[in-house]
Ligand code: NI
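In my numbering, the protein residues as written are 1086 to 1250.
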């Protein structure tokens, strides 16, 4: 450490660091910031109610009743105040890890109708999938921080669960 007499001269701009931290904390605690992470996966599905006949399923779901695949994109938004120590609302690496562990590793390169135990009994529409994903992601994040989970099935179609409270 330099002697006290030099500190005032050499570090003139930082003579009140406590005030700067207090300013940052005041700003951070009064502003909600949204952050988001995207992950993608590829999966097959067919829209089919096992309680109905093939003909009824064809009538209800059309071509979607046939087995086919999508390049899905999962987008998760988290809201909170910026931690003055890190500058983060949430480390997005941590959010990515939660998405991969809770959802992506189970659904990627799978048949969503048959391969994923926690989707059993679910007609794998984007709506039903995104509700299941929300339920698996929310408990892994800080209380009240999950704002929305959006699933893009194609570039034109998405479904979302959101909590705008
Ligand atoms: Ni489809």
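The C-beta atom is built at its ideal place from N, Cα and C for all residues, glycine as well. Computed from a prediction, not measured in an experiment: that's the story for all the values here.
Best match in the options for proximity to residue i [C-alpha to C-alpha]
i            : options                : result
residue 1184 : 1166, 1168, 1221       : 1221
residue 1162 : 1102, 1149, 1227, 1170 : 1227
residue 1145 : 1110, 1245, 1131       : 1131
residue 1115 : 1151, 1141, 1168, 1192 : 1168
residue 1240 : 1104, 1110, 1159, 1121 : 1159
residue 1148 : 1133, 1203, 1109       : 1133
residue 1176 : 1230, 1139, 1248       : 1230
residue 1154 : 1211, 1232, 1166       : 1211
residue 1180 : 1102, 1112, 1125, 1225 : 1225
Per-residue burial, residue i [other beta carbons within 10 Å of its own, 16 or more giving buried]
i            : result
residue 1238 : buried
residue 1236 : buried
residue 1150 : buried
residue 1164 : buried
residue 1194 : exposed
residue 1209 : buried
residue 1188 : buried
residue 1106 : exposed
residue 1128 : buried
residue 1232 : buried
residue 1152 : exposed
DSSP-derived helix/strand/coil call for residue i
i            : result
residue 1115 : coil
residue 1091 : With a pLDDT of 47 at residue 1091, under the threshold of 50, the modelled position of this residue cannot be trusted, and the question is left open.
residue 1150 : helix
residue 1161 : strand
residue 1142 : helix
residue 1201 : coil
residue 1230 : coil
Anticipated Cβ contact below 8 Å, residue i with residue j, distance rounded
i            : j            : result
residue 1215 : residue 1170 : Not a contact, Cβ separation roughly 33 Å.
residue 1234 : residue 1218 : 5 Å
Residue i Cβ short of 7 Å to the ligand NAD heavy atom set
i            : result
residue 1153 : The ligand NAD is absent from the structure shown, which contains only the ligand NI.
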